[in-house]
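>
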Amino acid sequence: MAVINMNEAELELKGFVDVDISPALDLFHEIEMLKKEKNAVVLAHYYQEPDIQDIADYIGDSLGLAQQAAKTSADMIVFAGVHFMAETAKILNPTKKVVLPDLKAGCSLADSAPADAFRAFKEQHPNHVVISYINCTADIKAMSDIICTSSNAQKIIESVPPDQPIIFAPDKNLGAYLIKQTGRDMLLWNGACMVHEIFSQKKILKLKAQHPDAKIIAHPECEEAVLQYADYIGSTTQLLKFAVTDAASTFIVATETGILHQMQKDAPGKTFIPAPPDNACACNDCPHMKLNTLEKLYLCMEYEKPEILMDEAIRLAALKPIQRMLEISKAAGLGG
Ligand code: SF4
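Under numbering that gives the first Met the number 0, the first residue of the sequence shown is numbered 0, with each subsequent residue one higher.
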């Protein structure tokens with residue numbers, strides 16, 4: 000392994016290996032070499048930049064990535080996503096090395112559920128089962144009974160007996176959507192994703208007026224004001240499948256723009272328009288996801304840092320609700 004000229008404190012402060020790379024280096028080739036040399040697998044979320052998606056061994060949403068992490072035989076997992084996702088991979092693979100290109104790739108939704116406040120909330124409702132969306136920290140997972148993703152949330156909720164009260168955390172928009180879908184009156188934690196909350200209903204309707212044949216497709220982390228106009232609502236993978244198989248040729252896509260890369264690759268003849276946010280930008284990138292770059296990905300493989308490390312007691316407590324999710328998803332025939 001190459002030796003890095005940065006100490007741990009500097010690395011933690013920066014969040015990534017900050018070493019100059021020769022502009023002449025073919026990073027795609029170097030990353031492929033490192034994969035072989037280190038028996039490493041690159042798992043990338045759909046919201047990563049196109050170059051990272053193209054070099055990844057597996058691209059997916061949270062459920063698919065957790066399933067891949069659970070079954071990989073690689074020695075090193077290179078997780079091109081945000082911190083809670085790499086943490087999930089580590090929870091499932093304690094003996095493997097898990098690296099993340101930039102440790103500061105966090106998540107506003109995960110941050111909206113601080114551990115102490117959530118513990119106090121849970122203690123106020125001791126008879127509730129806690130279902131947590133995977134977009135939360137390991138501390139919140141450790142306090143949960145079952146984890147879910149937007150792909151399997153409905154099945155997970157339906158697996159809980161009808162008379163059992165449920166706390167759903169941390170996304171209030173996904174929770175409100177699931178209450179409508181399942182008819183279960185869940186107690187919602189007041190968290191949200193900064194990317195999905197910011198879509199402008201007004202601008203989306205203006206786009207729809209300009210493209211009357213376009214279908215609006217949206218992620219359930221969006222607010223009801225947007226979801227009510229959606230022709231289809233689904234997880235990132237479900238949106239991708241719908242866009243490819245549906246007869247429509249134009250789609251207004253209300254989720255992070257990274258997914259448009261796969262949509263355009265899988266359905267080159269179709270038009271995908273990113274739904275505009277309620278600010279001056281034309282599209283909506285997750286600033287956390289986009290902290291990862293191809294250069295940082297290469298450097299974290301070369302130097303095997305920054306690495307995800309975790310307290311073993313938290314890991315074991317967080318593992319149980321993730322395994323429960325994977326079992327229910329498998330039984331329901333959802334991916335894997
Ligand atoms: S898109 Fe939202 S939920 Fe996903 S990582 Fe970014 S802030 Fe978190």
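All C-beta atoms in this analysis are idealised placements derived from N, C-alpha and C, irrespective of residue type, glycine included.
Taking Cβ to Cβ, would you say Leu238 is nearer than 9 angstroms to Ile216?
For this step, residue 238 is matched to residue 239 along the sequence shown. For this step, residue 216 is matched to residue 217 along the sequence shown. Cβ distance < 9 angstroms, so Leu238 and Ile216 count as in contact.
> Within 8 angstroms: the Cβ of Ser107 and any heavy atom of the ligand SF4?
Taking the sequence shown and counting its residues from 1, one reaches residue 107 at position 108. Ser107 Cβ: within cutoff of the ligand SF4.
> Give the secondary structure of Ile3 by DSSP, where H, G and I count as helix, E and B as strand, and everything else as coil.
Against the sequence shown, residue 3 aligns to sequence position 4. In this structure, Ile3 counts as coil in the three-state DSSP scheme.
> Nearest-angstrom Cα distance between Asp50 and Leu293?
Start at 1 with the first residue of the sequence shown, and residue 50 comes out as number 51. Start at 1 with the first residue of the sequence shown, and residue 293 comes out as number 294. Their backbone Cα atoms lie some 7 angstroms apart in a straight line.
> What is the rounded straight-line gap between the Cα of Glu306 and the Cα of Val98?
For the purposes of this step, residue 306 is taken as the residue at position 307 of the sequence shown. For the purposes of this step, residue 98 is taken as the residue at position 99 of the sequence shown. So the alpha carbons of these two residues sit roughly 4 angstroms apart.
> Taking only heavy atoms of the ligand SF4 into account, decide whether any of them is closer than 8 angstroms to the Cβ of His260.
Here residue 260 is taken as the residue at index 261 of the sequence shown, counted from 1. No, the Cβ of His260 stays beyond 8 angstroms of every heavy atom of the ligand SF4.
> Would you identify the three-state DSSP class for Thr270, choosing helix, strand or coil?
Taking the first residue of the sequence shown as 1, we reach residue 270 at position 271. If DSSP states are grouped into helix, strand and coil, Thr270 belongs with the strands.
> Is it right to say Met84 is buried, meaning 16 or more other beta carbons lie within 10 angstroms of its own, or is it exposed?
The residue labelled residue 84 in the question sits at position 85 within the sequence shown. Under this definition Met84 is a buried residue.
> Nearest-angstrom Cα distance between Ala73 and Lys96?
Taking the first residue of the sequence shown as 1, we reach residue 73 at position 74. Taking the first residue of the sequence shown as 1, we reach residue 96 at position 97. Rounded to whole angstroms, Ala73 to Lys96 spans 9 angstroms at the Cα level.
> Check whether the Cβ of Cys299 lies closer than 8 angstroms to any heavy atom of the ligand SF4, and answer yes or no.
As a position in the sequence shown, residue 299 is number 300, starting the count at 1. Checking the Cβ of Cys299 against the ligand SF4 gives no.
> Which residues in the same chain have their Cβ closer than 6 angstroms to the Cβ of His287, if we skip the five residues on either side of it in sequence?
As a position in the sequence shown, residue 287 is number 288, starting the count at 1. Same-chain partners within the cutoff: Val81, Ala104, Gly105, Cys106.
> Give the DSSP-derived three-state secondary structure of Cys221 in the structure shown.
Residue 221 sits at position 222 when you count from the first residue of the sequence shown. Of the three classes helix, strand and coil, the one that applies to Cys221 here is coil, per DSSP.
> For Ile165 and Ile20, what's the separation of their Cα atoms in angstroms?
If you number the sequence shown from 1, residue 165 lands on position 166. If you number the sequence shown from 1, residue 20 lands on position 21. Distance between the alpha carbons of Ile165 and Ile20 is about 50 angstroms.
> Using 8 angstroms as the threshold, is the stretch 168-180 in touch with the stretch 202-211, meaning 3 or more CB pairs across them?
The stretch 168-180 is not in contact with the stretch 202-211.
> Looking at Asn172 and the ligand SF4, is the gap between the Cβ and the nearest heavy atom below 8 angstroms?
By 1-based counting over the sequence shown, the position of residue 172 is 173. For the ligand SF4, not one heavy atom lies less than 8 angstroms from the Cβ of Asn172.
> Are Phe78 and Leu64 closer than 9 angstroms when you measure CB to CB?
To locate residue 78, count along the sequence shown from 1; it is residue 79. To locate residue 64, count along the sequence shown from 1; it is residue 65. Cβ distance < 9 angstroms, so Phe78 and Leu64 count as in contact.
> For Leu102, I'd like the list of residues in its chain whose CB is within less than 6 angstroms of its CB, leaving aside the five on either flank, ordered along the chain.
Walking along the sequence shown from the start, residue 102 turns up at place 103. Taken in chain order, the residues that qualify are Gly14, Pro305.
> Leu296 to Glu9, Cα distance in whole Å?
In the sequence shown, the residue the question calls residue 296 occupies position 297. In the sequence shown, the residue the question calls residue 9 occupies position 10. Looking at the two C-alpha atoms, the distance is approximately 18 angstroms.
> Please return the same chain residues whose Cβ sits closer than 8 angstroms to the Cβ of Pro275, not counting the five positions on each side in sequence.
As a first step, residue 275 is located in the sequence shown; it is residue number 276 there, counting from the start. Correct list, in chain order: Phe198, Ser199, Lys202, Ile203, Leu206, Ala281, Cys282, Asn283.
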